[in-house]
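*Asks:* There's a structure below that I have some questions on.
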Amino acid sequence: MQKRVVVTGGASGLGRALALRWAKAGADVVIADIHAERGEQVLAELKTLGVQAWYVHCDIRSDAEVKALTERVGEIWPSVDLLINNAGVATAGSLLEEDIEQWAWVLDINVLGAVRMTRAMLPLLKAQDGGYLLNVASQAGITAAPVMASYNASKAAIVSFSETMRLELIDARIGVSVLCPGFFKTNLDESVRSANPAMKGVVTRLLDKAQVNADDVANCAFDGVQAKRFMLLSHKEGAKAYRIKRWFPQYYLKMMADHTKRLRKMGQ
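Those letters in the sequence shown? Residues 1 to 268, per the UniProt record's numbering, in order.
Take a look at the structure:
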């Protein structure tokens, strides 16, 4: 079990749940986030579990802040057992509604943020001689939802990045998993950017209807990492959709076309 864990976006939502799940198993945790007040609140929660914990402010869009975070972690620990690239944002809208600035914003955070963190933390992961990397993607990265092109693309990139790292880091004895949750009760809608005002409401309603919560997803991630499974699917419906896409692609596309019609009605 991993004893030294770094979680980006650890101040709320799934990041908080992941930090607490590993702490409940006895891990010491560094949470990195841009929200200082929330970060301090989670820090207090972690310490009540009897583990050591630290909050470090870090904007993963900034090379300088990622470097400063890595240096701080290096002062605390000689190595890192597990890096969880969780920090991310959401976007929504049709292709013509999403401008290039929005694409650049979501890709910089969701994709390049994970790349920056992994590059920076790799020496500390290698120093563990058996470190682990968990990247948080999304169901949207493997079964794309309509009117979310930039978000879908960013999460699909994380799946591909994770697969590449799984192969590239074998010789360094670093394991890799990618977590692909569907909609679950969290605060992801706070970060949604969309030129279509109705789309944020759609995302909020989908999150509110979810039967799965952040703790459920964190448990799936914890169990999957301990078993060293690559793709971690927290939702039964999502796993079913992924199998249908792989085995019956034409039927899957028809199914998603029907889903798109329903989603458009929700956004009206």
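Glycine included, C-beta positions come from ideal geometry on N, C-alpha and C.
A quick note: this is a predicted structure, and the numbers were derived from the prediction, not measured.
Thinking C-alpha only, which one of 67, 71, 61 and 82 is nearest residue 88?
*Replies:* Counting from one through the sequence shown, the residue named residue 88 turns up at place 88. Minimum Cα distance to residue 88 is reached at 61.
*Asks:* If we require 3 or more residues per run, which beta strand (DSSP E) segments fall completely within the stretch 48-125?
*Replies:* Counting only runs of 3 or more, we get 53-57 and 82-85.
*Asks:* Give the secondary structure of residue 33 by DSSP, where H, G and I count as helix, E and B as strand, and everything else as coil.
*Replies:* By 1-based counting over the sequence shown, the position of residue 33 is 33. DSSP places residue 33 in strand when its eight states are reduced to three.
*Asks:* How about the stretch 9-27 and the stretch 213-227: do they share at least three Cβ pairs that are nearer than 8 Å?
*Replies:* yes
*Asks:* Given a threshold of 16 other Cβ atoms within 10 Å of its Cβ, counted over all protein chains shown, does residue 117 qualify as buried or as exposed?
*Replies:* In the sequence shown, counting from the first residue as 1, residue 117 sits at position 117. With 16 or more other Cβ atoms within 10 Å, it is buried.
*Asks:* Assess, as a yes-or-no matter, whether the stretch 163-177 is touched by the stretch 221-229 under the definition of 3 or more beta carbon pairs within less than 8 Å.
*Replies:* Taking 8 Å as the limit for Cβ pairs, the verdict is that the stretch 163-177 does touch the stretch 221-229.
*Asks:* Thinking C-alpha only, which one of 143, 39, 90 and 152 is nearest residue 255?
*Replies:* In the sequence shown, the residue the question calls residue 255 occupies position 255. Per the Cα distances, 143.
*Asks:* Mind checking which residues open and close the alpha helix (DSSP H) that includes residue 164?
*Replies:* By 1-based counting over the sequence shown, the position of residue 164 is 164. Counting along the chain, the alpha helix (DSSP H) containing residue 164 begins and ends at 149-168.
*Asks:* For residue 213 and residue 184, which I take to be in contact (beta-carbon distance under 8 Å), what is that distance rounded to the nearest angstrom?
*Replies:* Translated into the one-based positions of the sequence shown, residue 213 becomes position 213. Translated into the one-based positions of the sequence shown, residue 184 becomes position 184. At roughly 6 Å, the Cβ-Cβ gap stays under 8 Å, so residue 213 and residue 184 are in contact.
*Asks:* So which of 146, 135, 145 and 140 has the shortest CA-CA distance to residue 164?
*Replies:* Within the sequence shown, numbered from 1, the residue matching residue 164 stands at position 164. Here the closest residue by C-alpha is 135.
*Asks:* Do the stretch 151-162 and the stretch 109-116 touch if we need at least three Cβ pairs shorter than 8 Å?
*Replies:* Contact holds: three or more Cβ-Cβ distances are below 8 Å.
*Asks:* Suppose contacts are defined by Cβ-Cβ distances below 8 Å. Is residue 85 in contact with residue 14 by that definition?
*Replies:* What you label residue 85 is simply residue 85 of the sequence shown in a count that begins at 1. What you label residue 14 is simply residue 14 of the sequence shown in a count that begins at 1. No.
*Asks:* Taking residue 30 and residue 66 to be in contact with their CB atoms under 8 Å, please state how far apart those CB atoms are, rounded to whole angstroms.
*Replies:* One-based indexing of the sequence shown puts residue 30 at position 30. One-based indexing of the sequence shown puts residue 66 at position 66. Contact between residue 30 and residue 66 does not hold, since their C-beta atoms are separated by about 13 Å, which reaches or exceeds 8 Å.
*Asks:* Looking at C-alpha atoms only, which residue of 172, 121, 160 and 167 is the closest neighbour of residue 83?
*Replies:* Counted from its first residue, the sequence shown places residue 83 at position 83. When each option's Cα is compared against that of residue 83, the closest is 121.
*Asks:* The alpha helix (DSSP H) that contains residue 212, what's its start and end?
*Replies:* Position 212 of the sequence shown, counted from the first residue, corresponds to residue 212. Residue 212 -> no alpha helix (DSSP H), and no H or E assigned at all.
*Asks:* Along the chain, where does the beta strand (DSSP E) containing residue 4 start, and where does it finish?
*Replies:* Position 4 of the sequence shown, counted from the first residue, corresponds to residue 4. Counting along the chain, the unbroken beta strand (DSSP E) around residue 4 starts and ends at 4-8.
*Asks:* Check each candidate in 47, 33 and 80 and name the one with the smallest Cα separation from residue 59.
*Replies:* Within the sequence shown, numbered from 1, the residue matching residue 59 stands at position 59. When the alpha-carbon of residue 59 is set against those of 47, 33 and 80, the nearest one is in 33.
*Asks:* Using 8 Å for Cβ pairs, my map puts residue 301 next to residue 155. What's the rounded Cβ distance?
*Replies:* As displayed, the chain neither begins before 1 nor continues past 268, which places residue 301 out of reach and without an answer.
*Asks:* Quick check: residue 128 and residue 171, are their CB atoms within less than 8 Å of each other?
*Replies:* Along the sequence shown, one-based indexing puts residue 128 at 128. Along the sequence shown, one-based indexing puts residue 171 at 171. Cβ distance not < 8 Å, so residue 128 and residue 171 don't count as in contact.
*Asks:* Give a yes or no on whether the C-beta atoms belonging to residue 130 and residue 173 are separated by under 8 Å.
*Replies:* In the sequence shown, residue 130 corresponds to position 130, counting from 1. In the sequence shown, residue 173 corresponds to position 173, counting from 1. It is a contact, given that the beta carbons lie within the stated cut-off.
*Asks:* Terminal residues of the continuous alpha helix (DSSP H) containing residue 133?
*Replies:* One-based indexing of the sequence shown puts residue 133 at position 133. No alpha helix (DSSP H) contains residue 133, which is instead part of the beta strand (DSSP E) from 132-136.
*Asks:* Would you mind reading off the limits of the beta strand (DSSP E) that contains residue 233?
*Replies:* To locate residue 233, count along the sequence shown from 1; it is residue 233. It is not in any beta strand (DSSP E) - residue 233 carries neither H nor E in the DSSP assignment.
*Asks:* Which of helix, strand or coil does DSSP assign to residue 253?
*Replies:* Reading the sequence shown from its first residue, position 253 is the one you call residue 253. Three-state result, residue 253: helix.
*Asks:* Pull up the distance between the alpha-carbon of residue 69 and that of residue 252, whole angstroms please.
*Replies:* Within the sequence shown, residue 69 is the residue found at index 69, counting from 1. Within the sequence shown, residue 252 is the residue found at index 252, counting from 1. Here the C-alpha atom of residue 69 lies approximately 43 Å from the C-alpha atom of residue 252.
*Asks:* Go ahead and pull the three-state DSSP assignment for residue 175.
*Replies:* Numbered from 1 along the sequence shown, position 175 holds the residue referred to as residue 175. DSSP places residue 175 within a strand segment (E or B) once states are collapsed to three.
*Asks:* Taking the Cβ atom as the reference point for each residue, do residue 36 and residue 46 lie within a distance shorter than 8 Å?
*Replies:* The residue labelled residue 36 in the question sits at position 36 within the sequence shown. The residue labelled residue 46 in the question sits at position 46 within the sequence shown. For residue 36 and residue 46, no; Cβs fall outside 8 Å.
*Asks:* On a Cα-Cα basis, can you pick out the residue from 27, 102 and 57 that is closest to residue 222?
*Replies:* Stepping through the sequence shown from its first residue, residue 222 is reached at position 222. If we check each option's Cα against that of residue 222, 27 comes out closest.
*Asks:* DSSP on residue 258, reduced to helix/strand/coil?
*Replies:* Numbered from 1 along the sequence shown, position 258 holds the residue referred to as residue 258. Residue state, collapsed to three classes: helix.
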